[in-house]
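Engineer: Below is one structure. I have some questions about it.
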Amino acid sequence: MSDKYDKGSVIVVGGGPAGLTAAIAMAGSGISTVLAGKRPSRPDNRTTALLAGSVTALSTLGVWTHCEAHAAPLRVMRLVDDTGRLWRAPEVKFAANEIGLDAFGYNIENRHLLTALERRARDLPSLRIREEEVAAVAPGDDNASVALKSGEVINGALVIGADGRRSLCRNAAGISVDERTYKQVALTLCLAHSRPHHDSSTEFHTPSGPFTLVPLPGQRSSLVWVLDPTDADDIAELDDAALAAEIEQRSHSILGKITVERGRGLFPLSLATADRFAARRIALIGEAAHVIPPIGAQGLNLGLRDAAAISELAIAAHRAGRDMGSDATLNAYDRMRRSDVAGRTIAIDLFNRTLLSDFLPVQGARGLGLYLVDRIGPLRRAVMREGVAPASAQPRLMRGKAL
Ligand SMILES: Cc1cc2nc3c(=O)[nH]c(=O)nc-3n(C[C@H](O)[C@H](O)[C@H](O)COP(=O)(O)OP(=O)(O)OC[C@H]3O[C@@H](n4cnc5c(N)ncnc54)[C@H](O)[C@@H]3O)c2cc1C
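Note that our numbering numbers the sequence shown so that position 266 is 280, with each residue one more than the last.
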């Protein structure tokens, strides 16, 4: 079965948070949109720290109202050098009110974020959801077609590839990817604690990577613990009581007695950037375009800016009577996203390497950098502002402007 080609329609492949956001942005503006995505095979027990611009975008799209009750504000971020090395960095504390914000952002469990996005998506009459695997994507001169596993073929002017790090869309567009793996694994879980977190996240820097506690509503937090792969399995297999004791010790009891909750995840760390973010009627967003280690809460925040940027450009093209999947639209998208993604990828990769390095001058450089950030007010505020939002132009949705 084949749909009649509609030059005003868009197909989003992948129903993760980036794909759902793009589908909501497009369909919310009245563009006929199909979201084709298979559900994740196992529950995602991670949380996402959504920075202020992402929260504004989700509010503008009518999603945040479904998230609020499940999200905790991040008002303070502490970086603590726990490497035990000779040259240690000073503790750095960033407070959102120093840059005039009530909070840097909000932390929410991925299951609540996905439920909120799906709820909003189901309200939109212009959005058709097909919870199915996409078997093939074929870009053509006049349109692109997407074949579902059931045999149905859907045609559209533009395909938004939000199908994650093993992206079928990226292959179909002929885009290669520069990929590297780190000798690091992130153990993720949620926990309850006896002391309040005071809306503060704390990132302990250890020789194997960051050990980060991020607040959740009530006396709960999420943990992302970056480990050497040789230790990760042993630690992940500890029983709840032993793991809680280990976490309490590693966190220097700042949150008091720890109770670990059900569900643990292990995520090997990698870095990947697509050579181009769009080609042949296909625009890549989220992890289909870039993967970065979970340091400084940047991954999905970048992915949401991708979703906002391609939606903004495609909707503008449609309203001007132009082709949404034209090379002009795709090139504009690539230009709009390149520096934001490249800048953050380089910064996080460098920071991660300085943690892992045993080379004294490198450790000294990291310590000096953090010392300067701690001591020089304007630099501190610039770092905070850049961490929350890129200095380069932000997509409209991140500025609270409807599409
Ligand atoms: C430990 C950890 C902690 C993190 N913490 C943060 C954080 O605090 N803040 C932050 O901003 N980011 C964070 N990130 C990054 C964030 O999790 C990712 O950026 C985000 O999940 C990527 O979303 P996505 O929609 O691009 O991809 P995914 O979530 O991978 O979604 C892709 C979807 O596409 C579907 N799919 C794939 N192939 C097909 C196909 N052929 N047909 C149909 N569907 C398909 C998949 O089933 C999946 O549902 C973290 C990452 C890790 C590993």
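Here a beta-carbon is modelled for each residue, glycine too, at the ideal position from N, C-alpha and C.
(1) Kindly list the residues whose CB is nearer than 7 Å to the CB of Pro54, restricted to its own chain and excluding five residues on each side of it in sequence; keep chain order.
(2) Let me confirm a value: Ile390 is counted as buried when at least 16 other C-beta atoms fall within 10 Å, else exposed. Which label applies?
(3) With a CB to CB cut of under 6 Å and the five nearest residues on each side skipped, what residues in its chain are close to Asp17?
(4) Using a Cβ-based criterion (distance less than 7 Å to any ligand heavy atom), does Pro243 qualify as near ligand 1?
(5) Would you call Gln263 buried or exposed, if buried means 16 or more other Cβ atoms sit within 10 Å of its Cβ?
(6) Pull up the distance between the alpha-carbon of Val402 and that of Asn366, whole angstroms please.
(7) Enumerate, from N- to C-terminal direction, the unbroken beta strand (DSSP E) stretches of 3 or more residues contained entirely within the region 259-302.
(8) When you compare the CB positions of Leu127 and Asp213, do they come within less than 8 Å of one another, or not?
(9) State yes or no: is the C-beta of Gln408 nearer than 7 Å to some heavy atom of ligand 1?
(10) Could you tell me whether the region 31-40 touches the region 284-304, where touching means 3 or more Cβ pairs closer than 8 Å?
(11) Excluding the five sequence neighbours on either side, which residues of its own chain have a C-beta within less than 6 Å of the C-beta of Met40, listed in chain order?
(12) Cα separation between Gly232 and Ala86?
(13) Tell me whether Asp1 sits in a helix, a strand or coil according to DSSP, three-state version.
(14) Could you work out which residue in Ser353, Gly42, Pro221, Ile272 is closest to Arg209 when comparing CA atoms only?
(15) Sorry if obvious, but does the Cβ on Asp96 come closer than 7 Å to a heavy atom of ligand 2?
(16) How many Å lie between Leu417 and Gly42 at the Cα?
(17) DSSP state of Ala407, grouped into three classes?
(18) What do you reckon, is the C-beta of Pro308 under 7 Å from a heavy atom of ligand 1?
(19) Let me know the secondary structure DSSP gives Glu166 once reduced to three states.
(20) Does DSSP classify Leu138 as helix, strand or coil?
(21) May I have the straight-line CA-CA distance separating Asp354 from Pro153, to the nearest angstrom?
(22) Starting from Ser214, follow its DSSP beta bridges and name the residues at the other end.
(23) Measure the C-alpha to C-alpha separation of Gly28 and Glu123 and round it to an integer number of angstroms.
(24) For Met15, count neighbouring C-beta atoms within 10 Å of its own C-beta (all shown protein chains included) and say buried if the count is 16 or more, exposed if not.
(25) Secondary structure at Asp253, three-state DSSP: helix, strand or coil?
(26) State the CB to CB distance for the pair Gly339 and Ala187, rounded to an integer number of angstroms; the pair is presumed to be in contact (CB under 8 Å).
(27) Do Val240 and Pro224 have their C-beta atoms closer together than 8 Å?
(28) Between Gly51, Glu275, Tyr347, Ala334, which has its C-alpha nearest Glu145's C-alpha?
(29) Looking only at C-alpha atoms, which of Thr368, Ser236, Ala110, Gly313 sits nearest to Ser222?
(30) What residue from Gly357, Arg358, Ile329 has the CA that sits closest to Leu344's CA?
(31) Going by C-alpha distance, which of Gly175, Thr62, Ile309 is nearest Leu283?
Structural biologist: On the basis of the coordinates in this document:
(1) Position 40 of the sequence shown, counted from the start, is the residue given in the question as residue 54. Cβ contact annotation for Pro54 (same chain, cutoff 7 Å, sequence separation greater than five): none.
(2) Reading the sequence shown from its first residue, position 376 is the one you call residue 390. It counts as exposed.
(3) The count along the sequence shown starts at 1 and reaches residue 17 at position 3. Summary for Asp17: the model assigns pLDDT 46, below 50, so the residue's position carries little reliability; its value from the coordinates is reported in the next sentence. Here the set comprises Ile168, Asn169.
(4) Here the question's residue 243 lines up with position 229 in the sequence shown. Taking the Cβ of Pro243 as the reference point, every heavy atom of ligand 1 lies at 7 Å or farther away.
(5) Residue mapping note: residue 263 aligns to position 249 of the sequence shown, counting from 1. With fewer than 16 Cβ atoms within 10 Å of its Cβ, Gln263 is classed as exposed.
(6) Locating residue 402 in the sequence shown gives position 388, where the first residue counts as 1. Locating residue 366 in the sequence shown gives position 352, where the first residue counts as 1. If I take the Cα positions, the gap works out to 19 Å.
(7) Those beta strand (DSSP E) runs which fall completely within the region 259-302 and span 3+ residues are 272-274, 279-288, 296-298.
(8) Working through the sequence shown from its first residue, we reach residue 127 at position 113. Working through the sequence shown from its first residue, we reach residue 213 at position 199. It is not a contact, given that the beta carbons lie outside the stated cut-off.
(9) Taking the first residue of the sequence shown as position 1, residue 408 is located at position 394. Answer for Gln408: no, Cβ out of range of ligand 1.
(10) With a cut-off of 8 Å, the region 284-304 and the region 31-40 count as touching, because enough Cβ pairs lie within range.
(11) Here residue 40 is taken as the residue at index 26 of the sequence shown, counted from 1. In chain order, Val24, Thr47, Ser325 place their CB closer than 6 Å to the CB of Met40, counting only its own chain and leaving out the 5 sequence neighbours on each side.
(12) Taking the first residue of the sequence shown as position 1, residue 232 is located at position 218. Taking the first residue of the sequence shown as position 1, residue 86 is located at position 72. Their backbone Cα atoms lie some 8 Å apart in a straight line.
(13) A query on residue 1 cannot be resolved here, the shown segment of the chain reaching from 15 to 417 and no further.
(14) Walking along the sequence shown from the start, residue 209 turns up at place 195. Across the set Ser353, Gly42, Pro221, Ile272, the C-alpha of Ile272 shows the shortest separation from the C-alpha of Arg209.
(15) The model depicted lacks ligand 2 and carries ligand 1 instead.
(16) Taking the first residue of the sequence shown as position 1, residue 417 is located at position 403. Taking the first residue of the sequence shown as position 1, residue 42 is located at position 28. Spanning the two alpha carbons is a distance of roughly 9 Å.
(17) Against the sequence shown, residue 407 aligns to sequence position 393. Judged by DSSP in its simplified three-state form, Ala407 adopts coil rather than helix or strand.
(18) Indexing the sequence shown from 1 puts residue 308 at position 294. Yes, ligand 1 has a heavy atom inside 7 Å of this Cβ.
(19) Residue mapping note: residue 166 aligns to position 152 of the sequence shown, counting from 1. Shown here, Glu166 sits in coil according to DSSP, grouped into three states, outside any helix or strand.
(20) As a first step, residue 138 is located in the sequence shown; it is residue number 124 there, counting from the start. Coil, per DSSP.
(21) Taking the sequence shown and counting its residues from 1, one reaches residue 354 at position 340. Taking the sequence shown and counting its residues from 1, one reaches residue 153 at position 139. Near 27 Å, if we compare the C-alpha coordinates of Pro153 and Asp354.
(22) As a working note, residue 214 is residue 200 in the sequence shown. Beta-bridge partners of Ser214 (DSSP): Val90.
(23) Reading the sequence shown from its first residue, position 14 is the one you call residue 28. Reading the sequence shown from its first residue, position 109 is the one you call residue 123. Going by C-alpha positions, Gly28 is about 19 Å away from Glu123.
(24) Numbered from its first residue, the sequence shown carries residue 15 at position 1. Model confidence at Met15 stands at a pLDDT of 39, short of 50, so the residue's coordinates are unreliable and nothing is read from them.
(25) As a working mapping, residue 253 is identified with position 239 in the sequence shown. Looking at Asp253 - three-state DSSP - the assignment turns out to be coil, as it is neither helix nor strand.
(26) As a first step, residue 339 must be located in the sequence shown, where it is residue number 325. As a first step, residue 187 must be located in the sequence shown, where it is residue number 173. About 11 Å separates the Cβ atoms of Gly339 and Ala187, ruling out a contact at the 8 Å cut-off.
(27) The residue you call residue 240 lines up with position 226 of the sequence shown. The residue you call residue 224 lines up with position 210 of the sequence shown. Closer than 8 Å, so yes.
(28) Position 131 of the sequence shown, counted from the start, is the residue given in the question as residue 145. If you compare the alpha carbons of Gly51, Glu275, Tyr347, Ala334 with that of Glu145, the shortest gap goes to Gly51.
(29) One-based indexing of the sequence shown puts residue 222 at position 208. With respect to the C-alpha of Ser222, the residue from Thr368, Ser236, Ala110, Gly313 having the closest C-alpha is Thr368.
(30) Against the sequence shown, residue 344 aligns to sequence position 330. Leu344 has its Cα closest to that of Ile329, out of Gly357, Arg358, Ile329.
(31) To locate residue 283, count along the sequence shown from 1; it is residue 269. Nearest of Gly175, Thr62, Ile309 to Leu283, Cα basis: Ile309.
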